[in-house]
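See structure below.
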Amino acid sequence: MIYDDKSLHSDMIENPKLHQKIIDALPIPIFYRDVKGVYKATNKAHENFIGLKKEEIIGKTVFDVQPLEIAEIYARRDQELFDSPGDQSYETKFRLSDGSLHDVIFNKAVIRDDEGTIIGIVGSIFDITDRKKAERKLEKAKEASVIASAMVHKIRAGIVIVDSDFKVIDSNEGFAKLFGQEMEELYETIPGLQGADLKELIPEVVFKMFASLMASGENMLERDLKIQNRLLHISVITIYKNRVVGALIRDMSAPLLVREEIISRAQRVNKQNLETVQQIAFLLGENAAQTEELLYSIIQSYKYEEDNN
Numbered sequence: 000m001i002y003d004d005k006s007l008h009s010d011m012i013e014n015p016k017l018h019q020k021i022i023d024a025l026p027i028p029i030f031y032r033d034v035k036g037v038y039k040a041t042n043k044a045h046e047n048f049i050g051l052k053k054e055e056i057i058g059k060t061v062f063d064v065q066p067l068e069i070a071e072i073y074a075r076r077d078q079e080l081f082d083s084p085g086d087q088s089y090e091t092k093f094r095l096s097d098g099s100l101h102d103v104i105f106n107k108a109v110i111r112d113d114e115g116t117i118i119g120i121v122g123s124i125f126d127i128t129d130r131k132k133a134e135r136k137l138e139k140a141k142e143a144s145v146i147a148s149a150m151v152h153k154i155r156a157g158i159v160i161v162d163s164d165f166k167v168i169d170s171n172e173g174f175a176k177l178f179g180q181e182m183e184e185l186y187e188t189i190p191g192l193q194g195a196d197l198k199e200l201i202p203e204v205v206f207k208m209f210a211s212l213m214a215s216g217e218n219m220l221e222r223d224l225k226i227q228n229r230l231l232h233i234s235v236i237t238i239y240k241n242r243v244v245g246a247l248i249r250d251m252s253a254p255l256l257v258r259e260e261i262i263s264r265a266q267r268v269n270k271q272n273l274e275t276v277q278q279i280a281f282l283l284g285e286n287a288a289q290t291e292e293l294l295y296s297i298i299q300s301y302k303y304e305e306d307n308n
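Numbering (numbering that gives the first Met the number 0), first residue to last: 0 to 308.
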């Protein structure tokens, strides 16, 4: 393409409307202030961003359109640019007309006349509020993850968390100890068993509980299972529906734990308005199934404790 460079510049100078149309077409807020800090030019994106019309901006200073504490920052940074001409980029806050405070990045540079004298500053504004919110949310999530992981590894009961591919996200030593020496040795080699295939780590009957809850998306699934001569109480819990599930596994063979569990379950029965465990024969409907499961668990716990005395 061939064009007359001088003609282009001449058109822009002689036709200020063309110049305004060009900068209005840009989606980035742009402004121009003279050496006194007075706005001399703005574009549509800048007007929309700060929530003021062109006539409310032109002829005003930052002290007219921003709170004092923010305007003072802008004026100071402008002066720094005048003192050391060049490009300037910095992150700061910007108050919109609706009162909301946004995180923004200013990119500014000095403008000179034909004799090389500085006559003002041109600048653009990038709103990074959403990005900053995402960064803060991610930082909080990382902190929560560190705290949660620390708590998981402090709990004596076995804990394991897996993703939708049944790969271990994290687990604690208590989980490894429940399933034999080989699992403990693997845990020492791979911290938290991260990335391990759950199906290769646990009995099929336990894995089916994970698979069932992952598929159904229900809140929780509980079972008492006899595994390797141990009575285990297994609670599989949905963390993120159909994406992440975790499990709390307790060894019911510990006498103190057995007694605590019996008391806890008996209290649970009372809360469900069942008169007594001895009246199971008179119960009907789903309460009967709940109480029958409770009775079975308590009986198994007692039997297991007696067998080990």
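C-beta atoms are modelled at their ideal positions from N, C-alpha and C, and glycine is treated no differently.
Contact between T237 and L212 holds: CB atoms are separated by about 6 Å, below the 8 Å threshold.
In the structure shown, the three-state DSSP call for Q180 is helix. With respect to G194, K166 sits close: the two C-beta atoms are nearer than 7 Å. When DSSP states are grouped into helix, strand and coil, S211 belongs to the helix group. Counted as a single uninterrupted DSSP element, the stretch harbouring Q87 is not any alpha helix (DSSP H) but the beta strand (DSSP E) occupying residues D86 to R94. Contact between the region 117-131 and the region 140-149 is absent: fewer than three C-beta pairs spanning the two stretches fall below 8 Å. Per the C-alpha coordinates, the member of R94, Q87, L25 and Q78 positioned closest to G50 is R94.
In the DSSP assignment, I27 falls outside any beta strand (DSSP E), carrying neither H nor E. For K240, same chain residues with a beta-carbon under 7 Å away, outside a window of 5 residues either side, are G216 in chain order. In this structure the region 100-108 touches the region 127-138; the number of beta carbon pairs closer than 8 Å is three or more. Selection V205, L67 and R32 evaluated against L80 yields R32 as nearest (Cα-Cα). Beta-bridge partners assigned by DSSP to N228: none are found. Taking the C-beta atoms as reference points, K107 is found no nearer than 7 Å to Q78.
With distances taken between CA atoms, A210 lies nearest to I160 out of G98, R111, D112 and I160.
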